[in-house]
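Here my numbering = 1-based position in the sequence shown + 11.
Beta carbons are placed, not taken as given, at the ideal position from N, Cα and C, and that holds for glycine.
First the structure, in the form of structure tokens, and then the observations on it.
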Amino acid sequence: MAEWVSELIDNADSKLVNAQQQAVDKTVLTNKRFVALYFSAHWCPPCKQFTPTLVRAYNSIREADGNNNTLEIVFVTSDRSSDQQFEYMTDTGMPWVTLPHGDPSIAKLKAKYEVRSIPTLIFLDGATGQVVSRNGRDLVTQHGANVLAHL
């Protein structure tokens, strides 16, 4: 596993899960050109407006990349409960992984990336973990599935 992934999600109890709440190995974040952190919540109207656009872009990117080496997204929830988090993921068709509600890594990520409002989409270099863009929401809105060409 890339060292930066271990640093990003360093709590031994932290785990990634999918929308069905099934555990997903953290290695899903390795060998990607980009990893994006999506800070969002079901109760946030701008989030609910943007999420379908992000889902469409992600699905198009993954469809074009048969090896799935281009992009992975981690949903970092601001929901008030696990039920709300997974209902939001299911209702919007989020196909990516998340940290479960209440995971200590969520607060750490919000602090590290100075997230002050949602939705926020931050693109990281998949090899180094360095921030490529803090303006992912606007880039996806403007460029859709072509967003990666603008990073």
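Inter-residue spacing [alpha-carbon to alpha-carbon] between residue i and residue j
| i | j | result |
| --- | --- | --- |
| L162 | P115 | 29 Å |
| Q32 | E98 | 11 Å |
| A68 | T88 | 20 Å |
| I117 | A75 | 30 Å |
| N79 | G137 | 13 Å |
| Q141 | Q95 | 30 Å |
| H154 | L65 | 11 Å |
| L100 | F61 | First, the residue type needs correcting, since residue 100 is Met and not Leu in the sequence shown. The alpha-carbon atoms of M100 and F61 are separated by roughly 13 Å. |
| L19 | W107 | 17 Å |
| K37 | S17 | 8 Å |
| R73 | K119 | 28 Å |
Coil, strand or helix - residue i by DSSP
| i | result |
| --- | --- |
| H84 | Note that residue 84 is Ile in the sequence shown, not His. Correct three-state label for I84: strand. |
| L132 | strand |
| V126 | coil |
| T152 | helix |
| T139 | coil |
| S116 | helix |
| S93 | helix |
Same chain, Cβ closer than 6 Å to residue i, neighbours up to 5 away in sequence not counted
| i | result |
| --- | --- |
| S126 | The sequence as given places Val at residue 126; Ser does not occur at that position. Hits under 6 Å: F50. |
| F45 | L82, F134 and G137 |
| S71 | A156 |
Cutoff 7 Å; reference residue i; Cβ partners in own chain excluding five residues on either side
| i | result |
| --- | --- |
| P63 | T103 |
| S92 | H112 |
| I129 | F50, S51, A52, C55, C58 and S89 |
| Y124 | L48 and I133 |
Beta carbon proximity, residue i to chain D, threshold 8 Å
| i | result |
| --- | --- |
| Q33 | In the displayed structure, chain D is absent; only one protein chain is listed. |
Contacts around residue i, its chain only, beta-carbon distance under 8 Å, and the 5 residues preceding and following it disregarded
| i | result |
| --- | --- |
| A47 | L82, E83, I84, V85, L132, I133, F134, L135 and G147 |
| S144 | I133, F134, L150 and L162 |
Assumed close pair residue i, residue j - CB separation to whole angstroms, cut-off 8 Å
| i | j | result |
| --- | --- | --- |
| V28 | V35 | 6 Å |
| A156 | M105 | Going by Cβ atoms, the distance from A156 to M105 rounds to 16 Å, so no, they are not a contact pair. |
| R139 | W15 | It should be pointed out that residue 139 corresponds to Thr in this sequence rather than to Arg. Rounded, the Cβ-Cβ distance is 6 Å, consistent with contact. |
| L110 | S25 | 6 Å |
What ranges does the beta strand (DSSP E) occupy inside the segment 12-69, keeping only unbroken runs of at least 3 residues that lie completely in it?
As far as the segment 12-69 is concerned, its whole beta strand (DSSP E) runs of at least 3 residues are 45-51.
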